[in-house]
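Notes follow the structure.
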Amino acid sequence: MSSCNDIKPKEVSLNSLNDSINYTLGHWQGDMIKAQQFAGDSTGVQVEAFIKALDKAYKESDGEKKPMYDLGVQVGKYFADQLKNGMFGDSTMVADKKLLIQGFVNALKDYNEVMTNEQADSLLQVVQMRIQSKMYGQPNN
Numbered sequence: 088m089s090s091c092n093d094i095k096p097k098e099v100s101l102n103s104l105n106d107s108i109n110y111t112l113g114h115w116q117g118d119m120i121k122a123q124q125f126a127g128d129s130t131g132v133q134v135e136a137f138i139k140a141l142d143k144a145y146k147e148s149d150g151e152k153k154p155m156y157d158l159g160v161q162v163g164k165y166f167a168d169q170l171k172n173g174m175f176g177d178s179t180m181v182a183d184k185k186l187l188i189q190g191f192v193n194a195l196k197d198y199n200e201v202m203t204n205e206q207a208d209s210l211l212q213v214v215q216m217r218i219q220s221k222m223y224g225q226p227n228n
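Going by the working numbering, the first residue of the sequence shown is number 88, and it counts up by one from there.
As structure tokens, then:
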């Protein structure tokens, strides 16, 4: 997780479906984490602390930062699994750490210039159905 050092929202180029899925998954995860963990963070202080903790998740663990560390480890493990096994378990969908992290950071920072939370949800649902159809031989709806 080396791309979290720059925690500012920024534009990214999505040049392929693979790029879009990587960014979208990061964005979707960021939105979910923000809604579940940081809904009351009107100052953004907790979000920034989390992003920094995510970047350091495998390097430190002390008492005061422990909740952010644990959350960072959970998200980091999920992203690492995507990097190792392919997006949603499909090895043809190669994970891109930089796009995953930028989508995640952009969602946490409410930066919706690349895509909105609703667009991320819709794209992920469609791609997940296609992957499941391909993996399990179900008709593609």
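Glycine residues also receive a C-beta, built at the ideal position from the N, C-alpha and C atoms.
Note that the structure is a prediction, hence the values are computed from the model and not measured.
- Message: Pop quiz: Leu112 and Leu187 are said to be a contact at Cβ under 8 Å. What is the actual Cβ separation, rounded to whole angstroms?
- Response: Along the sequence shown, one-based indexing puts residue 112 at 25. Along the sequence shown, one-based indexing puts residue 187 at 100. Between Leu112 and Leu187 the beta-carbon gap is near 6 Å, inside 8 Å, which marks them as a contact.
Q.
Using 8 Å as the cut-off, can you tell me whether the region 195–208 makes contact with the region 129–139, which would need three or more C-beta pairs spanning the two stretches below that distance?
A. Yes: the two stretches touch, three or more of their Cβ pairs being nearer than 8 Å.
task: Inspect the CB distances between the region 199–206 and the region 156–165 and report whether three or more fall short of 8 Å.
output: No, they do not touch.
Check: Alpha carbon to alpha carbon, how far is Ile120 from Lys171?
Finding: If you number the sequence shown from 1, residue 120 lands on position 33. If you number the sequence shown from 1, residue 171 lands on position 84. Straight-line Cα distance between these residues: approximately 22 Å.
Using DSSP with H/G/I as helix, E/B as strand and the rest coil, what is Asp208?
The residue you call residue 208 lines up with position 121 of the sequence shown. In the structure shown, Asp208 sits in a helix (DSSP, three-state: H, G or I).
key: According to DSSP, residues forming a beta bridge with Met174   = For the purposes of this step, residue 174 is taken as residue 87 along the sequence shown, with counting starting at 1. Answer is Asp177, bridged to Met174.
Notebook entry, point to check: Grouping DSSP H, G and I as helix and E and B as strand, with all else coil, what is Glu200?
Noted result: Taking the sequence shown and counting its residues from 1, one reaches residue 200 at position 113. Coil, per DSSP.
Roughly how many angstroms lie between the CA atoms of Asn199 and Asp208, to the nearest whole one?
Against the sequence shown, residue 199 aligns to sequence position 112. Against the sequence shown, residue 208 aligns to sequence position 121. Whole-angstrom Cα-Cα distance: 13 Å.
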